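Enquirer: Just add 3 to wherever you are in the sequence shown, counting from 1, and you've got the numbering used here. Cβ atoms here follow ideal geometry from the backbone N, Cα and C, with glycine treated the same way. Computed from a predicted structure; not experimentally measured. Sharing a structure here in structure tokens format.
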Amino acid sequence: MEAAFPSALAAPDPALAAHAARVTDLAARLAAWLAWDDASLYAIYVGGPLHDIGKAAVSEAILRKPGPLDSRELAEIRTHPAAGAKLIGRLGPARDALPFVLYHHERWDGGGYPTGRRGPDIPEGARILAVADAFDAMTSARPYRGPLPVECALREIERCAGTQFDPAMAHAFLEAWDAGALEPVTAWTTLRVSRARA
Ligand SMILES: [Fe+2]
4 MEAAFPSALA
14 APDPALAAHA
24 ARVTDLAARL
34 AAWLAWDDAS
44 LYAIYVGGPL
54 HDIGKAAVSE
64 AILRKPGPLD
74 SRELAEIRTH
84 PAAGAKLIGR
94 LGPARDALPF
104 VLYHHERWDG
114 GGYPTGRRGP
124 DIPEGARILA
134 VADAFDAMTS
144 ARPYRGPLPV
154 ECALREIERC
164 AGTQFDPAMA
174 HAFLEAWDAG
184 ALEPVTAWTT
194 LRVSRARA
């Protein structure tokens, strides 16, 4: 499957663009809370906005389906990290985005995709993005459900610490949220146009 990169840049889905901006903002502020160095923070600002660019290779019908995906549709949507990595590989300056694009759906316990990497073998940037991505997905409306309350999303992050998420990242997220360090501050992060499947 050949992804339509130029058209994805020319006409990005506003829902996906807003999701990517919120996730980037959350991940960057969590990284700042964890006192990451400037180079690591810079990488989040490159990789965060592009992490789902591979969805340009997934059909609109699947991205917007108002209901659960069947196994074929699930398999197609799971191509997006590798499709995105292929696109990013063509762009020299954007290569810092590769770990975010390729590994943001890996799980700490090895049950993620596309590679099944586990634990610290998953790049740190992808581990921080995974928590921010899940939080935003849960608290945003989807074609098949409304947004979950923030409290539910926080409980789910706690429940999945050490299975889906790097436990250190998950616990840092909860602490930073409690301290008020992750509340939305920009127009982008409060924009709620999300109707697509993130
Ligand atoms: Fe994704």
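Using a Cβ-Cβ cutoff of less than 6 Å, which residues in the same chain neighbour residue 152 once the five nearest sequence positions on both sides are dropped?
Expert: So the list is empty, once near-sequence residues are dropped.
Enquirer: Indicate the three-state DSSP secondary structure (helix, strand or coil) for residue 162 in the structure shown.
Expert: The answer is helix: DSSP assigns residue 162 an H, G or I state.
Enquirer: Can you tell which of 104, 58, 155, 71 has the C-alpha that lies nearest to the C-alpha of residue 132?
Expert: The residue with the shortest Cα to Cα distance from residue 132 is 104.
Enquirer: What is the DSSP secondary structure of residue 145, counted as helix, strand or coil?
Expert: It is a strand residue.
Enquirer: With a CB to CB cut of under 8 Å and the five nearest residues on each side skipped, what residues in its chain are close to residue 185?
Expert: Result list for residue 185: 29, 32, 33, 36, 176, 179, in chain order.
Enquirer: State the start and end residues of the unbroken alpha helix (DSSP H) segment that holds residue 65.
Expert: Its alpha helix (DSSP H) spans residues 63–66.
Enquirer: Quick check: the segment 59–69 against the segment 161–176, are there 3 or more CB pairs under 8 Å?
Expert: Contact fails: fewer than three Cβ-Cβ distances are below 8 Å.
Enquirer: So residue 60 packs on residue 83, CB below 8 Å; how close in whole Å?
Expert: With a Cβ gap of about 7 Å, residue 60 and residue 83 count as contacting.
Enquirer: Would DSSP call residue 186 helix, strand or coil?
Expert: In this structure, residue 186 counts as coil in the three-state DSSP scheme.
Enquirer: Give me the Cα-Cα distance between residue 114 and residue 130, rounded to the nearest whole angstrom.
Expert: In a straight line, the C-alpha of residue 114 is about 14 Å away from that of residue 130.
Enquirer: Smallest Cα separation from residue 106: which of 93, 86, 94, 95?
Expert: It is 86.
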